[in-house]
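Numbering-wise (the working numbering), the sequence shown opens with residue 230 and increments by one.
Every residue gets a Cβ at the ideal spot worked out from N, C-alpha and C, and that includes glycine.
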Amino acid sequence: MRLELGVAAQKTGLPHTVNTLDDDHEDLLDQRAYKVALLIPLCGSAGLWAPSCIASAQVAVQELNRLSGIAGRPVQMVMIDSAIESETPVDVLVHTMIENGSIDAIVGMHISAVRQRLTKVVQGRIPYVYTPLYEGGEHSSGVFAIGDTPPKQLGPAMEHLYRRFRLKKWALIGNDYVWPRTSHNYAKGKIASLGAELVFEKYLPFSCGNLEDYVDQIGRSGADGVLVSLVGQDAVDFNRIFGALELHKRIVRLSCAMEENGLLASGEENLQRLFSSASYFAALSTAENANFREKYHTLHRDRAPMLNALGQSTYEGFQFLSSLMEEAGGTWRGARESSSCPVSYKSARQSIYISNSRNTAPVYLARANGVVFDEFEKIQ
């Protein structure tokens, strides 16, 4: 098994082909290959997710190529840096690659601000599978969002924590782009419906640093619950400061994007009373997850990156794309305009895609225990 990730691809966002076939099957990588652009952040705040995204996608590609690939063609993964901080604009690069036939489809695990730029250039010319949780409302032609949305993931978690801890005053903090702002608008409605009060709200640039003042303001706001919608390293920095100030003694933290990599980077001493809501956690004891974990660790062994929801989503992205093309073929552009034709695919989350705002994956609320999540409670 070979993973070929060039330094140029990491630093500039230039596309890089990754061979993910066993050595005795590499002859399949010819002009017939079905080339899938894997768009993930390789730098910046969200760059800590890259290793698990690559590793999970490799599991899917190996699995697909041992069968019939996608659309009867062997799968080749073309990796592109989709970090908002990347020096090369990803929308310009993807447009050029579509125009010259360098890619046949996209699997994207990146922030919504990047998705919004990409939909303007992709324009339904190739299938675009968007894998992470997101704010909802994506209706662009040819875009298939398979992650969770606030009504399913955030609302039930807030209700559960309100009942458990009687959280009467909430603080909201996130990066300044569409997912945190839209999710927080939803959260504000939920806060009002619970009879609670909003006492703090702030949106920060990526990698802004100087989070101490904002964490201190939350501590002085009187909040007993805080929704953290910071991305990657920004969330890690927030947790470290929050723990150092021992604000966990007075304030419960909730996140929909905090995952196992973030826990490890934050440090277990900074994670008390931190909860995360998601449809996937590495430690979930389901048959589907056990099957995925076995394949993941068999492939990567002791080099396996930490499993988490955002990384695992790229595995499902490739599997969804395969099922979509198998079922819809050349008619994929208009085949999923309604929820009347669900897409069933291999999923570690027990998910069936119904529409861009609906899937069947159960959602869990988990509590950080050291640098792992446990105390899973099904909330949706």
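Using the Cβ count rule (16 or more neighbours within 10 Å means buried), how would you classify residue i?
i       : result
Val-321 : exposed
Glu-316 : exposed
Ala-286 : buried
His-368 : exposed
Glu-488 : buried
Ser-297 : exposed
Asn-414 : exposed
Asp-603 : exposed
Ala-519 : exposed
Thr-527 : exposed
Asn-490 : buried
Ser-508 : buried
Asp-310 : buried
Who are the near neighbours of residue i in its chain, counting only those whose CB is closer than 8 Å to its CB and skipping five residues on each side?
i       : result
Asp-253 : For Asp-253, the predicted structure reports a pLDDT of 45, less than 50, and the residue's modelled location is therefore unreliable. The matter cannot be settled from this model.
Gly-276 : Pro-270, Ala-312, Gly-461, Gln-462
Gly-472 : Ser-495, Gly-496, Glu-498, Asn-499, Leu-500, Gln-501
Phe-521 : Val-288, Gln-541, Tyr-544, Ala-577
Ser-436 : Gly-273, Ser-274, Glu-314, Gln-462, Asp-463
State the start and end residues of the unbroken alpha helix (DSSP H) segment that holds residue i.
i       : result
Glu-604 : Where Glu-604 is concerned, there is no enclosing alpha helix (DSSP H), although the beta strand (DSSP E) it sits in stretches over 601-607.
Ala-557 : 538-557
Ser-370 : Where Ser-370 is concerned, there is no enclosing alpha helix (DSSP H), given that its DSSP letter is neither H nor E.
Asn-404 : Looking at the DSSP string, Asn-404 is not in any alpha helix (DSSP H); the run it does join, the beta strand (DSSP E), is 398-404.
If you draw a straight line from the C-alpha of residue i to the C-alpha of residue j, how long is it?
i       : j       : result
Lys-398 : Leu-500 : 20 Å
Pro-356 : Ala-300 : 13 Å
Tyr-595 : Phe-467 : One detail in the question is off: residue 595 reads as Ala in this sequence, not Tyr. So the alpha carbons of these two residues sit roughly 19 Å apart.
Gly-588 : Gly-376 : A small fix is needed here, since residue 588 is Asn in this sequence, not Gly. So the two alpha carbons sit approximately 8 Å from each other.
Glu-517 : Thr-411 : 31 Å
Ile-283 : Glu-441 : 33 Å
Met-308 : Gly-438 : 29 Å
Glu-556 : Asn-404 : 38 Å
Ser-505 : Gly-353 : 34 Å
Leu-433 : Val-407 : 12 Å
For residue i, which residues in the same chain have their Cβ closer than 6 Å to its Cβ, ignoring the five residues on either side in sequence?
i       : result
Ser-542 : Met-338, Thr-360, Pro-361
Ile-581 : Pro-571, Ser-573, Thr-589
Ala-334 : Val-265, Ile-355, Pro-356, Leu-550
Phe-373 : Val-358
Ser-552 : Val-572, Tyr-574
Between which two residues does the beta strand (DSSP E) holding residue i run?
i       : result
Glu-430 : 426-433
Tell me, please, whether the CB atom of residue i is closer than 7 Å to any CB atom in chain C?
i       : result
Arg-482 : The structure shown contains no chain C; it holds only a single protein chain.
Between residue i and the ligand MG, is the CB less than 6 Å from at least one heavy atom?
i       : result
Ser-552 : Looking for the ligand MG in the displayed structure turns up nothing, as the structure carries no ligands at all.
What residue ranges within the region 456-482 form continuous alpha helix (DSSP H) runs of no fewer than 4 residues, ordered along the chain? You should have 462-473.
Can you list the beta strand (DSSP E) stretches of 3 or more residues lying completely in the region 263-291, in chain order? Within the region 263-291, the complete beta strand (DSSP E) runs of at least 3 residues are 263-269.
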